[in-house]
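Residue numbers (our numbering): -12 to 480.
Glycine included, C-beta positions come from ideal geometry on N, C-alpha and C.
Computed from a predicted model, the values in this text were never measured in an experiment.
I have placed the structure first, in the form of structure tokens, so that the comments after it can refer back to it.
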């Protein structure tokens, strides 16, 4: 069984198959009976919970509060913001009836035709419309602003081609929806949240990202501007990992959300929305994992340290357990999640393979000979390096090692990203380089027509216009027309 667990398709042979196998073999998720939807298993959900808890705390530090809004949205709400409904119309699941009945022919149940809804309901693809329909009741005066609200929820987008975590019909996410009295306040919040996502990605996921603004073609439906964090996966493709949208007054206009300002005059509210989803799980997997399985950064690992005893009999197990007990207490006191796996239904070799596949950052193996010598075997998952260390002071050693692993994973990912980022000046160079993967910085004339031409001919899209970087003007690589600065291209998930 242990051999089977490690029998992965190699990334270099078939990256997509490697990813799909890893999601299943690391016990993260599996396909469900519902087309395009997945079951997130306890170990996978434990990682998502750590992401959720960390982000939730970061949101609340900025003044955000959690709320919850309905799953079902009246169809008429989606019709109020034309650009918004056009952006999501092809992905919506529609509820048309509210009751089933027994089939008179005895074939189970059927939809009761007498239970047709007067107005169809949409399973939320995103919640701007239902939330702004609600905010109309909450907002009357400048004293009611700002509203800083987030919800943790599921959404449904009827995707035809799905892949677990990266693109599923139903997925989990958070969506923040803020209302402000001024354009400046709303813009500041929009940028604050994309920078918060970037901090989370780099500090907790150990995943370097580029922060930028989307082109007009790529921005969120109904937004004035969309900010994004873009990460580079190990196969050279980009992954949009979080977005923050300045919605201007578009949704306030659509739902007539006004307030009386300090000058006692009516004014439309300014809005923004921002979100990340379980797609971050896919990003985490593809940024760090290897041909042996999952590799988790310690800051997000549900189990940071696993201790595996190696013994011949019950007496030996008890002796090791007694030795380990104070270490468990010391690690927990330091806030380190640790598991002592002394279950006797699996052999040590199986456990080694299983925890390696699951990406546990640090593994300790302790046998009866180690007890005699006062040592323990330690393996770090990021490099697979083993060392025999003294049991005395091991807790402090582990604490430092976990931070070293976190730092090493970020630096390794950043080195790869930097080595796979290229600046090109001609379209021929671009076409040649895009086949090799990676980020490409190139000049673009700013027109949707040129953007579409590049996409059709190379399958590359503008990931963002970076907020930082080379702002030297130049000439568009395709048309030769003036370009204000280089933008970031890549093929993407």
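To which residues does DSSP link residue i through a beta bridge?
i, result
"residue 430", "473"
"residue 231", "214 and 261"
"residue 246", "254"
"residue 128", "247"
"residue 145", "Paired residue(s): none; residue 145 is not in a bridge."
"residue 164", "136 and 260"
"residue 290", "According to DSSP, residue 290 bridges with nothing at all."
"residue 157", "143"
"residue 323", "Answer is none; residue 323 lacks a bridge partner."
"residue 350", "293 and 366"
"residue 72", "Answer by DSSP bridge pairing: none, since residue 72 is not bridged."
"residue 277", "280"
"residue 226", "218"
Where does residue i sit, in a helix, a strand or coil, going by DSSP?
i, result
"residue 63", "helix"
"residue 253", "strand"
"residue 385", "helix"
"residue 236", "coil"
"residue 35", "helix"
"residue 25", "strand"
"residue 138", "strand"
"residue -10", "The predicted position of residue -10 is uncertain, since its pLDDT is 44 and thus under 50; a value taken from the coordinates is nonetheless stated next. It is helical."
"residue 490", "The structure shown does not extend to residue 490, since the chain is modelled only from -12 through 480, so no value can be given for it."
"residue 77", "helix"
"residue 464", "coil"
"residue 221", "coil"
"residue 455", "coil"
"residue -4", "coil"
"residue 120", "helix"
"residue 105", "strand"
"residue 356", "helix"
"residue 395", "helix"
"residue 272", "helix"
"residue 150", "strand"
"residue 51", "coil"
"residue 283", "coil"
"residue 481", "Because the chain spans -12 through 480 in this model, residue 481 falls outside it and cannot be assessed."
"residue 450", "strand"
How would you write the range of the alpha helix (DSSP H) that residue i sits in, first residue to last?
i, result
"residue 184", "170 to 190"
"residue 80", "Note, residue 80: premise wrong, no alpha helix (DSSP H); beta strand (DSSP E) at 80 to 84."
"residue 339", "335 to 344"
"residue 420", "414 to 421"
"residue 303", "301 to 320"
"residue 11", "2 to 12"
Note down, in chain order, each residue of its chain lying with its Cβ closer than 8 angstroms to the Cβ of residue i, except the 5 sequence neighbours on either side.
i, result
"residue 254", "168, 245, 246, 247 and 248"
"residue 226", "153, 217, 218, 219, 220, 266, 269, 270, 273, 479 and 480"
"residue 315", "294, 325 and 327"
"residue 5", "-5, -4, -3, -2 and 278"
"residue 372", "366"
"residue 131", "125 and 246"
"residue 171", "none"
Between which residues of its own chain and residue i is the CB-CB distance below 7 angstroms, once the five residues before and five after are set aside?
i, result
"residue 196", "185, 188, 189, 216, 217, 218 and 228"
"residue 83", "103, 104 and 107"
"residue 362", "375, 376, 377 and 378"
"residue 206", "212 and 213"
"residue 482", "Past the boundaries of the shown model lies residue 482; the chain is included only from -12 to 480, so the question cannot be answered."
Hey, residue i and residue j are a contact pair by Cβ (cut 8 angstroms); roughly how many whole angstroms apart?
i, j, result
"residue 74", "residue 156", "In fact, because the Cβ distance is near 17 angstroms, the residues do not count as touching under 8 angstroms."
"residue 163", "residue 242", "Going by Cβ atoms, the distance from residue 163 to residue 242 rounds to 18 angstroms, so no, they are not a contact pair."
"residue 421", "residue 400", "With a Cβ gap of about 21 angstroms, residue 421 and residue 400 do not count as contacting."
"residue 285", "residue 335", "The pair is not a contact, with the Cβ atoms about 23 angstroms apart (cut-off 8 angstroms)."
"residue 296", "residue 388", "Incorrect: roughly 20 angstroms between the Cβ atoms, too far for contact."
"residue 281", "residue 13", "4 angstroms"
"residue 308", "residue 355", "That belief does not hold up - the Cβ atoms of residue 308 and residue 355 are roughly 12 angstroms apart, past 8 angstroms."
"residue 223", "residue 424", "2 angstroms"
"residue 449", "residue 411", "Contact doesn't hold; Cβ gap of about 14 angstroms is too wide."
What residue does the beta strand (DSSP E) around residue i start on, and which one ends it?
i, result
"residue 409", "408 to 410"
"residue 377", "373 to 377"
"residue 18", "16 to 18"
"residue 197", "197 to 200"
"residue 367", "362 to 367"
"residue 96", "96 to 98"
"residue 87", "87 to 89"
Using C-beta distances below 6 angstroms, list every residue in its chain close to residue i, excluding the 5 sequence neighbours before and after it, in chain order.
i, result
"residue 230", "213 and 215"
"residue 465", "414 and 437"
"residue 10", "16 and 151"
"residue 122", "166 and 244"
"residue -9", "The predicted position of residue -9 is uncertain, since its pLDDT is 44 and thus under 50; a value taken from the coordinates is nonetheless stated next. Nothing listed; no residue qualifies."
"residue 51", "135 and 137"
"residue 275", "282 and 396"
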